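Colleague:
Numbering (UniProt numbering), first residue to last: 1 to 279.
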């Protein structure tokens, strides 16, 4: 398609707006040059933020740095559970693909109903900080319930706890969003996503060998669900952090600096018109 379509951006990539401030494109289908439409207070990032920029962003707020720690351990526990649970249930209760599918359906439906019905009611009443603590608490409960499952129906009961533990991720993202201005939302959320992705990489490297060890005959002691319980310990660390910083997170307010409010930014100025001289 690039062979047949003409690029409408003149100078710098991703700096020319699609529409002008009046909402109608000017000219012959081409965007204006960057230097003609640049906002007075606008700032264009020429490169991706560095690691030093990410560290400065995390250090700018205690709440933001603690949320990053919670995001790391939450992803570490979540991916560790997914990497270990199926092997554990197959070895312990001889689960097959149909039973795994049933658990996924139960967990998915419960989580969907929770976010559509319960979360809009509980979030204004309790606040994101308390709802995050509730979600992390039931995350610990359902993980520990998996680890000590004594019969085949216990994992189904544990899967139903997704009604409550699904609150964790949206509440954490909301708390992070309140700590930065509108011009830094992408940077903050991207930083949290990067930390979560790093945890997603190292989690299977930790919990998969641990699961294989305790499901084998070479286990130091007989506890097939020990790796799942270690996932629960990571979740418990998150719960403790959220309870310690509950008051701090509960007081987290949106950034009200006018320079960071997208509603107060000046629109793009009109491009200068070519003066017409009378003859």
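Note that the Cβ used here is the ideal one computed from N, Cα and C, for glycine as well.
Values in this document were obtained by computation on a predicted structure and should not be read as measured data.
(1) Would you kindly work out how many angstroms separate the C-alpha atoms of residue 198 and residue 72, rounded to a whole number?
(2) Alpha helix (DSSP H) containing residue 190: first to last residue?
(3) Which of the three DSSP states, helix, strand or coil, is assigned to residue 179?
(4) Using the three-state DSSP reduction, which class does residue 67 fall into: helix, strand or coil?
(5) Look at the alpha carbon of residue 138 and the alpha carbon of residue 188, and state the distance between them as a whole number of angstroms.
(6) In three-state DSSP terms, what is residue 20?
(7) Taking only the alpha-carbon atoms, compute the straight-line gap between residue 158 and residue 141 and give it to the nearest angstrom.
(8) The alpha helix (DSSP H) spanning residue 220 covers which residue range?
(9) How is the alpha helix (DSSP H) around residue 135 delimited, first residue to last?
(10) Could you tell me whether the Cβ atoms of residue 211 and residue 227 are closer together than 7 Å?
(11) Could you tell me the alpha carbon to alpha carbon distance between residue 135 and residue 115, rounded to whole angstroms?
(12) Would you call the CB atoms of residue 133 and residue 242 closer than 7 Å?
(13) Express the C-alpha separation of residue 80 and residue 184 in angstroms, rounding to a whole number.
(14) Go through its chain and collect everything with a Cβ distance to residue 203's Cβ below 6 Å, but skip five positions before and after it.
(15) Between which two residues does the alpha helix (DSSP H) carrying residue 100 extend?
(16) When you compare the CB positions of residue 64 and residue 55, do they come within less than 7 Å of one another, or not?
(17) Taking the alpha carbon of residue 170 as the reference point, which residue from 201, 154, 119 has its own alpha carbon closest?
(18) Going by DSSP, what residue range makes up the alpha helix (DSSP H) through residue 224?
(19) Taking the C-alpha atoms as reference points, what is the distance between residue 128 and residue 174?
(20) In angstroms with no decimal places, state the Cα-to-Cα distance between residue 126 and residue 162.
(21) Does the distance from the C-beta atom of residue 143 to that of residue 235 stay below 7 Å?
(22) Helix, strand or coil, according to DSSP, for residue 94 in the structure here?
(23) Give the C-beta separation of residue 332 and residue 215 to the nearest angstrom, bearing in mind that I take them to be a contact with Cβ-Cβ under 8 Å.
(24) Can you tell which of 172, 106, 148 has the C-alpha that lies nearest to the C-alpha of residue 92?
(25) Counting C-beta neighbours from all protein chains within 10 Å, is the total for residue 167 16 or more, i.e. buried, or is it exposed?
(26) Give every residue of the same chain whose Cβ lies closer than 7 Å to the Cβ of residue 176, excluding the five residues on either side of it in the sequence, and list them in chain order.
(27) Residue 60 by DSSP, collapsed to three states: which one?
(28) Excluding sequence positions up to five away, which residues of its chain have a Cβ less than 6 Å from the Cβ of residue 207?
Modeller: Here's the rundown:
(1) 8 Å
(2) 185 to 214
(3) It is coil, neither helix nor strand.
(4) DSSP places residue 67 in helix when its eight states are reduced to three.
(5) Across the structure, residue 138 and residue 188 are spaced so that their CA atoms are roughly 27 Å apart.
(6) Reliability fails at residue 20, whose pLDDT of 48 lies under 50, so the model's placement of it is uncertain and the value that follows must be treated cautiously. Residue 20: coil per DSSP, three-state reduction.
(7) 8 Å
(8) Counting along the chain, residue 220 falls outside any alpha helix (DSSP H), and DSSP gives it neither H nor E.
(9) 128 to 147
(10) The beta carbons of residue 211 and residue 227 sit closer together than 7 Å.
(11) 12 Å
(12) Residue 242 is positioned such that its CB atom lies closer than 7 Å to that of residue 133.
(13) Each residue's Cα considered, the two are about 31 Å apart.
(14) 76, 79, 80
(15) 97 to 113
(16) no
(17) Comparing Cα positions, the closest option is 119.
(18) First-last for residue 224: undefined, no H or E at that position.
(19) 7 Å
(20) 19 Å
(21) yes
(22) DSSP places residue 94 in coil when its eight states are reduced to three.
(23) Since the first and last residues shown for the chain are 1 and 279, residue 332 lies out of range.
(24) 148
(25) buried
(26) Result list for residue 176: 64, 67, 188, 189, 192, in chain order.
(27) It is coil, neither helix nor strand.
(28) 80, 83, 84, 227
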